[in-house]
C-alpha cells in the first residue's frame, strides 16, 4: 500500500539508461535555475524599506540609491560567473571551484555555507510566497505556517518525480511572473509620466523614527537588499543539466536572467518610492503597490498568484542544488553515501527529502515569517560567492590559459566586492540572527570532517593486502532452543544444513523443565546433541556468552554461529508476543568478534 | 553504564534458589497488603463531604450515617474474604476464584476490572499522598503532577528491588500512620468530651447549595465513600506471600486490618462532622481537622508525613497485585509471555514497569487531581468483589465441603451486597467518569482473547506430529557483495564455512563497475563463483528476489540463505553511514518462506 502511494506521488521508476536525456532547454532552464534570483524581487525592496523606515518615512528615498548599488553588484557577479561557467562546463559550484583551487578546507566552508543557504532559500521563498497569498486573502494569514509546510511538501514531491517534469510544471508561472511585473512597471511608469500618482495615503500606523539616517543604517538596508542576489550562482552549479553546448547555453541564460532581474528590481524599487509605499504587517509592499496602480482587479490577483508560484519555483531551485551538492560531498566521502544514490526517478531522493524536512522545521520555528529569516540568509551566499570568485582568480593565475589576465581581473573584482559585501552583511546583521549561521557553519564543517575521517579509517581497514582465503574456516554451529516444537525442528533442519556437527543448547532455568526437555529431545531430535547450560540467576544470555567464550578458547574456531528460531507472525501486533529474548541475545553478541547470530524464521499462519 | 545504573537502583541479581524464603511475617504483611484499604481513610471522608456539600453545609451531617453503612459493608466483605482465604490458600484472587467457579468470561471480566483498578489505585493514592504534602506546604501545590510522577517512579524502583525489602522499608510509616490517626481521634474525642470545640469557622468561600438532599445525592455520596473499601481484597490475592501457615496468618491479618480501618474511618468522619470541617481546594479535610485539633504543630507535620507515606504504601499494594495478576494471566496465555518472567530480583519486572507507566500517564492526564480520578475508581473494584463472592457461592454449592451451607450464606450475602453497591456506583457515577472504565473493560477483555487466540493458533501450528528429520536439507548459500574488500573476504570465508557450494551475487548498476568487479573478483576470491544480476532500475532488492525465486523454482532447495556482509562501527553515529541497504533487504525477505538472511559482522576499529 505504501508502495502504491509512492507510485501515485512520484511515478513509475525510470531505467538508468534514460538518464542522459534529462536535459533542459534554455527557456526551461531559465525557469528552473533563475527563479531564486528573480523571485527575490518579491521581497528584496521590502527588506530595504523595512530598515530605512526605522529612520522615519523620509529616509525611504534612500532606497533607489541602495538598489542601484545592488544592481552594480549584480553586474559584477554576472560577468564573474560567466568565467566560472566557461572554466567548469561540468558544473562549477562553489564546492568544485574551491576544492580545485583553494583546497579542501575552503571547499568545505563553501559547501557548509551553501547547504545552509539552500535550506534558507526554501524557507524564505516559501514564507514570501505565502505572504503574497495572505496579502490577497488576509483571512489566510493565521494559517501561514501550515500553508508553508504544505508548499514545501508539494515542491519536494514534484522534485522526487524528476527534473524535466518539474521544469515543465514551473515554466508557465515564471514567464507569467516576468510579464506581469513588467506590465506593472510599465503601467506604474505611465501613471507617473501622466502625473496620475495618488496622494500618498497616510499609513494606518505612521512609523515614528526610532533611528537616525546613519551610514550603519544605510549599510544595514543594503545588506538586507543583497538578498536580491541570492541564487545568481544557481546556473553555474547546474551547467550539466543544460542541453548541448552546455556552457554557451548556460552563459546566455545567465545574461538573460541578470537583465530581467535588474529591470524588475530597479523598477519596483523606483515605483515604491514614487508611490510612497511603506512596509506594514499583513500586506507585502508589492501587493500595496499593485493595488495603488491597478486596484484590486483580476490583474492584481494574477500578479499575486504569479509571485507566489515563482517563489515556489525559487524553492525549487534549491531542490535542484542541494541534492546535487550533497551528491558531490557524498561522492568525496564528506556526507553519508546514501546521498550519492539516485532514486527510482533518477533524482537524488535522500537530498530532496532532507532539504524538505529542514526547511519545514525552519518555517515552523520562525512562524513562517520572511523578515525573521532574512538576517540568516545572505551570509552563507556571500561566503560561497567570495570563495568561488577567489578560487577562479587562483585558477587563472595557475593555468594561465588564453585571456587569463582579463579573467583574473574580472574574478578579482568579483572576489573583492563580494568579500567586502560579506563583511558588511556579517557586521550589520550579526546581532539580528547572523550569529546563528556563524555558529552552524563550523558545526557542519566538523560533521563533514568526522564523516570523511570515518570513511577513511574504514577504507584503511578494508584494503585488500595479501589476503589468502583459508581452505575452509573452522566453524561451530549452536542452536539455541527453549522448547521443542515444529519451529524447533525447522531450525534443527537448518542447523544440519549448514553444519554436520551442529549442537543444540538449552538454558535450564529449573530442574524439572530441564529433565522434561532432555526426554523430549531424545524422542524427537536425537540427530543433534543437546547441551544443557545451568542458569541460577534466570539469565538466558550470560550462560550463553560463557559457553561461547569456552568454545572460542578451546576449539580455536574462526566462527561461532548462534541460530535463534524466530517466529514471524502474520499480524503486526503479534510481534509484541514473541522474540523479545532473541532481540536481547542479538544485542548481547552484536559487538563480539567471531560470532554470527542467525534468525531462522518460522512463518506462522493466521 | 546502563547496567551499573540498574545495579545501583535495584541491587544485585538473586538466584532462583533464594525464591521460597521471600515470605512476609504478619506485621510486615499488614504493612504491605493493608495500606491500600487503610490509606483510603485519608480521602474517603472528604469524597463523601464533597458530594454532600452540593446540598449546602447542613447536608454534611449525613456523612456519619453513610460512613456507618460503609462500615457494615466492610464487615460483610471481611467475613466473606475469610472464606476465600480458607478455600484458596495458594492465592484466591478474583481471577482464580472466577476461573475456577464461573468460567473464563467471568474470570476475564474480573481481571480486566482488577488490572484497571490497580492502575487507578496507584494514581489515586499518589495524588492523595501529594495532596497531604501540598496541604502542609502550599507552595508545592503547583508542582503536584511532577511530585506524583516522581513518587510513582520511586515506588516502582523499590518494588523492582524485591518484596521483602519493600515490606521492611514501608512497615514503619504504616504503624506511624495508624498511631497518629488514633492519636488524633483520641485528642479530638477528648476535646468534644470536655466541650472544647472551637466555634465552626466560617468557610473561606461559603458553599451555596446547588442541589437538594435527594436519595440520589445520598447514594452518590455513598458511592464516593465506597472508595474506602478498595484494597480489602489485597490480602486474599497475596496469601502465598505469607509465612506458614499462610491461610491462618492471612485471615488474622485481614481481621486486624478491617478493625483498624473501621475505627479510623468512623472516627475521622465523626470528628469532621463535629468540628464542622468543609472540603475546599488546596487543603485536605484531614489537614484542616488536624490543624483544628492540634494546631500546626510538629504532631501535625508527623500526621501529614505519615499520611503521605502510607498512601505511597497503598500504591505499593498495587505493585504487588498487578504483576502477580499479570503473571497469572500470562501463564494462561491471556497476556504476553514476558509478564510471566521473573526479573533479576525474583519479581515480575515487566508488570511493575507497565503499571508505573500507566499510573504516571493517568496522573499527567488528570493533572494529579484525586477528585477527578475517584469516579473512575470504585466500579472496577466492585465488579471483582461481586464476581469473587459469586464464585465462592458456586464453589460451596459444587464441592459441599464441611460447613458449605454457612459458607454459601456468607458469600451469598457478600455477592448480593457488593452486586447492589456495584449498580449504585455505576448508576450514580456514570456521567462523572465511570463511563470511561465501562468502555475500557471490554477493550481489555478483547485484548485478552486476541492474545489467547494467537497463542492457541501458534501452539496448533507448532504441535509435534510424526515429524521425521530429513537426512540433510538441500541448501543454497548466496553471498551478496557490492564491492570487494576485507569485509567481503571475511564474508566469503563464512559462506564457505557453511556451504561448499556458496555463490557470490553482485547487482550490477552500471556496466563499467560490473566489469571492474568481475576482474577484481577473479583476482581475490576465485574460490567461489560470482553471479552478476543486471538492474536497469537501480534497485538492489528486486533482481535479488527474482533470482531467489528462480533458485527456489529450479533447484527445489529447502533453504536459500542470503549472507549480507555487515559493518559494525565502533561509534554510535557511524551506524548512520552504513548498512542502510541491508535493512531494506532484510525487510524485503522477512515474510518469505524458505529464506534465511544472515548478517556476517565485520567489526570496524576506531
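Chains as they are written, first to last, in this note's numbering: chain A, 245 to 850; chain B, 245 to 850.
The beta carbon of each residue, even a glycine, is placed where N, CA and C say it ideally should be.
The way I'd put it, the segment 734-751 of chain B doesn't touch the segment 699-707 of chain B; fewer than three beta-carbon pairs between them come closer than 8 Å. The straight-line gap separating the alpha-carbon atoms of residue 318(A) and residue 506(A) is approximately 8 Å. Straight-line spacing of the CA atoms in residue 780(A) and residue 757(A) works out to 14 Å. In this structure, residue 555(A) lies away from residue 355(A), with their beta-carbon atoms at least 8 Å apart. Contact annotation: the segment 429-441 of chain A touches the segment 505-520 of chain A, with at least three C-beta pairs closer than 8 Å. Contact annotation: the segment 339-349 of chain A does not touch the segment 543-552 of chain A, with fewer than three C-beta pairs closer than 8 Å. Closer than 8 Å to the CB of residue 837(A) there is at least one CB belonging to chain B. In the assembly as shown, residue 252(B) is an exposed residue. Its beta-carbon has fewer than 16 other beta-carbons within 10 Å. By the neighbour-count criterion, in which a residue is buried when 16 or more other Cβ atoms sit within 10 angstroms of its Cβ, residue 280(B) is buried.
Residue pairing for residue 843(A): DSSP places it in a beta bridge opposite 808(A).
Leaving aside the five residues that flank residue 594(A) on each side, the residues in its chain whose CB is nearer than 6 Å to its CB run, in chain order, 582 and 583. Counted as a single uninterrupted DSSP element, the alpha helix (DSSP H) harbouring residue 392(B) occupies residues 388-405.
Residues of chain A whose Cβ lies closer than 7 Å to the Cβ of residue 705(B) are, in chain order, 730, 848 and 849. Taking a contact as a CB-CB distance under 8 Å, the pair residue 322(B) and residue 498(B) counts as one, their CB atoms being some 6 Å apart. For residue 748(B), the three-state secondary structure derived from DSSP is strand. Listed along chain B, no residue sits closer than 9 Å to residue 765(A) by beta-carbon distance, the nearest being about 11 Å off.
Annotation: residue 597(B) is outside any beta strand (DSSP E); the continuous alpha helix (DSSP H) that includes it extends over 593-609. Taking C-alpha positions only, residue 749(A) is separated from residue 601(A) by approximately 48 Å.
The distance from the Cβ of residue 342(A) to that of residue 332(A) is about 11 Å, inconsistent with a contact at the 8 Å cut-off. In the DSSP annotation of this structure, the continuous segment of the beta strand (DSSP E) that includes residue 719(A) starts and ends at 719-725.
Counting only residues of its own chain and dropping the five nearest sequence neighbours on each side, residue 359(A) has a CB closer than 7 Å to the CB of 566, 569 and 688. Counting along the chain, the unbroken alpha helix (DSSP H) around residue 657(B) starts and ends at 648-673.
Residue 417(B) sits buried, since 16 or more C-beta atoms from the chains shown fall within 10 Å of its C-beta. The segment 672-709 of chain B contains, as complete alpha helix (DSSP H) runs of 4+ residues, the segments 678-706 (chain order). By alpha-carbon distance to residue 819(A), the top candidate from 785(A), 845(A) and 267(A) is 845(A).
Counting of Cβ neighbours within 10 angstroms places residue 634(B) among the buried residues, the total reaching 16 or more. For residue 486(A), DSSP records a beta bridge to 268(A). In this structure, residue 623(B) and residue 681(B) form a Cβ contact; the two beta carbons are roughly 5 Å apart against a cut-off of 8 Å. A straight line joining the alpha-carbon of residue 612(B) with that of residue 679(B) spans about 20 Å. For residue 737(A), a Cβ of chain B is located within less than 8 Å of the residue's own Cβ. For residue 793(A), the enclosing alpha helix (DSSP H) starts and ends at 785-799. Contact annotation: residue 784(B) and residue 825(B) have beta-carbon atoms nearer than 8 Å. Look at residue 803(A): its C-beta is under 8 Å from a C-beta on chain B. Going by C-alpha positions, residue 609(A) is about 37 Å away from residue 617(B). Around the beta carbon of residue 813(B), 16 or more other beta carbons lie within 10 angstroms, which makes this residue buried. Of all alpha-carbon atoms in 834(B), 822(B), 287(B) and 768(B), the one lying nearest the alpha-carbon of residue 847(B) is that of 822(B).
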